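Residue numbers (the working numbering), protein chains in the order written: chain A, 9 to 122; chain B, 28 to 141.
Only one structure is covered here, and it is reproduced in the block below.
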């Protein structure tokens, strides 16, 4: 069975600084998809960034980028120029592709300090 | 795109009562997912529909839980004989068909069992 591990329950970063959130996963599949979702306080979960496992190039979306290490089964999220609006719970999620159900980690609560 | 809508936002009920939640997905999305999220945890997959067909159910979905998606539009999740352990946020998500597609989440229904 696939598992997703986020080892940082909470993190804090100063506004305009860079922060990296860690995620590791376990799977025996060769093709799959990885996602980072953001859940602001009392608001909807929204997609931040996604990565296809067969693509070696790391995905980038504006201030958000990932470091995808397939051999190490690692998928970290880097947030550059952190903004107050980035304060949220961040979830790493794995999609094995069959039904596209998501397997989530336990989340990292990120606080951006002014 | 009006987003995924869930009702009610919050449900308080006594143990042993039945409750029903509704999810209205994005209209062009044929895939619909239910997840359960408890405090401090990531969402856990409950069940998945493609159009009106329920194609996968998690072991978490005991026989007290039933989900339907008549005509492939909105979906309902019913919990019979509620227990304290059912207290959680119930999230609905929808997506287009195919791999590597983002799931769009609703605001969730928070269930509190007295």
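Every residue, glycine too, gets a C-beta built ideally from N, C-alpha and C.
Small disclaimer: the values here were computed from a predicted structure and weren't measured.
When the five nearest sequence neighbours on each side are left out, the beta carbons in the same chain lying within less than 6 Å of the beta carbon of residue 86(A) are those of 28 and 73, in order along the chain. In the displayed model, residue 111(B) falls within a helix according to three-state DSSP. In this structure, DSSP gives residue 73(B) an extended state, which the three-state scheme calls strand. Residue-level contact check: residue 109(A) touches chain B, since one or more beta carbons of chain B fall below 8 Å from its beta carbon.
At least 8 Å separates the CB of residue 65(A) from every CB of chain B. If you check each beta-carbon in the segment 33–44 of chain A against every beta-carbon of chain B, the ones closer than 8 Å belong to 41 and 43.
For residue 96(A), the uninterrupted beta strand (DSSP E) segment begins and ends at 96–103. Proximity of residue 52(A) to chain B, defined by a Cβ-Cβ separation below 8 Å, is satisfied. Those residues of the segment 15–32 of chain A placed with their C-beta closer than 9 Å to a C-beta in chain B are 17, ordered along the chain. Put simply, of 40(B), 81(B) and 59(B) the residue whose alpha carbon is nearest the alpha carbon of residue 33(B) is 59(B). The beta-bridge partner set that DSSP reports for residue 12(A) consists of 33(A). The closest CA to that of residue 54(B), considering only 31(B), 61(B) and 68(B), is found on 31(B). According to DSSP, residue 140(B) shares a beta bridge with 40(B).
No residue range can be given for residue 89(A), since it is assigned to no beta strand (DSSP E) and is classified by DSSP as neither H nor E. Residue 67(B) and residue 18(A) have their C-alpha atoms some 11 Å from each other.
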